[in-house]
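With UniProt numbering as the guide, the letters of the sequence shown map in order to residues 1 to 258.
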Amino acid sequence: MILRPAVRSLQGRAPLATLRSAQAVFQPLPQLRRNASVTTGPDAASEASTTQPPKNENKAKTATVAAEPEEQEVIMSRMPRSLEALYLQPLRREAEYGVPSCDLQLRSYSIRNLEFFCDFALRAAYYLGLPAFGPVPLPRMIERWTVPKSHFIFKKSQENFERVTLRRLIQIKDGHPETVQLWLAFLQKHAYYGIGMKANVWEFSKLDVSKAMDESKGEVEKLLETRWEHLSHVSDMKGVGNFEDFLAKERLRISGGR
């Protein structure tokens, strides 16, 4: 009767020891260091406890790992440079001397079309190497008309109409005359609907301007000869020798055709 409890206590202690050794052997691998070797034995629990980092360090690492993707999304961009530039302000060149060479005035009734084409003109000037300044908003042009709604007895009832013209100014400084002409031709070729353009261009010339104009007179006349030929009072009536005979034939033909 006295030995039975002792045997039971010994039999109950044996499983606890085996469970403890099993917990020590099957320690979770992620908590071990990368360079540490996996050991199986009673000392594995002590090695695993030494390799576990503090809780504060784990929290700091998880916070940095969570913050890294957000920073990469902001910095990294997979769009091409030409496409990404559409979302940014247009680049500009710096003027060395500040001498104006062209004033381009843009007019429109729609503010959306006007701002779009101003942005297009500034980008074109940058890629041509022209220092562009603007767009500077100019005073609006407001026009009003008062007209009768109808005629006869309803003419006393009148109606008012208003038209507002928006304007912007873009100035080119230190630009070569040929480059400025190329810029204006490019804008004229790719003109946007509802946009009117007016350009004032300045060029440098020599002191003897009158001599240069006399020399260029012959070249201008040659260019205008082809244009003057299309005017009626200068062009010859080819195929008709005598104008009176031609009229007589036409009268006979018309009278006979009737």
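We put the CB at the ideal spot given by N, CA and C, even for glycine.
Inter-residue Cα distance where the pair is residue i and residue j
| i | j | result |
| --- | --- | --- |
| residue 265 | Glu-215 | Not covered by the structure: residue 265. The range shown for the chain is 1 to 258. |
| Arg-140 | Asp-208 | 41 Å |
| Gly-175 | Gly-98 | 10 Å |
| Phe-246 | Trp-228 | 25 Å |
| Lys-156 | Thr-165 | 29 Å |
| Gly-129 | His-190 | 19 Å |
| Lys-211 | Leu-224 | 20 Å |
| Arg-168 | Phe-152 | 44 Å |
| Phe-154 | Val-147 | 12 Å |
| Gln-188 | Ser-110 | 19 Å |
| Pro-28 | Arg-78 | Confidence is the limiting factor: at Pro-28 the pLDDT is only 48, short of 50, which leaves the residue's position unreliable and the question unanswerable from this model. |
Per DSSP, cross-strand counterpart(s) of residue i
| i | result |
| --- | --- |
| Pro-100 | Lys-173 |
Beta carbon of residue i nearer than 8 Å to that of residue j
| i | j | result |
| --- | --- | --- |
| Ser-101 | Val-180 | yes |
| Gly-218 | Ser-108 | no |
| Met-197 | Leu-114 | no |
| Glu-159 | Lys-149 | yes |
| Phe-133 | Lys-173 | yes |
| Glu-178 | Pro-131 | no |
| Arg-92 | Tyr-127 | no |
| Ala-124 | Phe-186 | yes |
Closest residue to residue i among the options (Cα-Cα distance)
| i | options | result |
| --- | --- | --- |
| Tyr-87 | Phe-120, Arg-251 and Leu-223 | Phe-120 |
| residue 301 | Arg-144, Leu-106 and Pro-131 | Look at the range of the chain in this structure, 1 to 258, and you will see that residue 301 is not part of it. |
| Pro-135 | Pro-177, Lys-149 and Pro-90 | Pro-90 |
| Leu-201 | His-230, Gln-171, Gln-188 and Thr-226 | The displayed chain sequence assigns Val, not Leu, to residue 201. When each option's Cα is compared against that of Val-201, the closest is Gln-171. |
| Tyr-192 | Ala-85, Arg-92, Arg-112 and Pro-80 | Arg-112 |
Length at least 4, wholly inside the UniProt domain "Small ribosomal subunit protein uS10" (103-200): the alpha helix (DSSP H) runs in chain order: Within the UniProt domain "Small ribosomal subunit protein uS10" (103-200), complete alpha helix (DSSP H) segments of at least 4 residues are found at 111-127 and 177-189, given in chain order.
Contained alpha helix (DSSP H) runs [length at least 4] in the segment 198-228, N- to C-terminal order: Taking only runs of at least 4 residues, the alpha helix (DSSP H) segments lying wholly in the segment 198-228 are 209-228.
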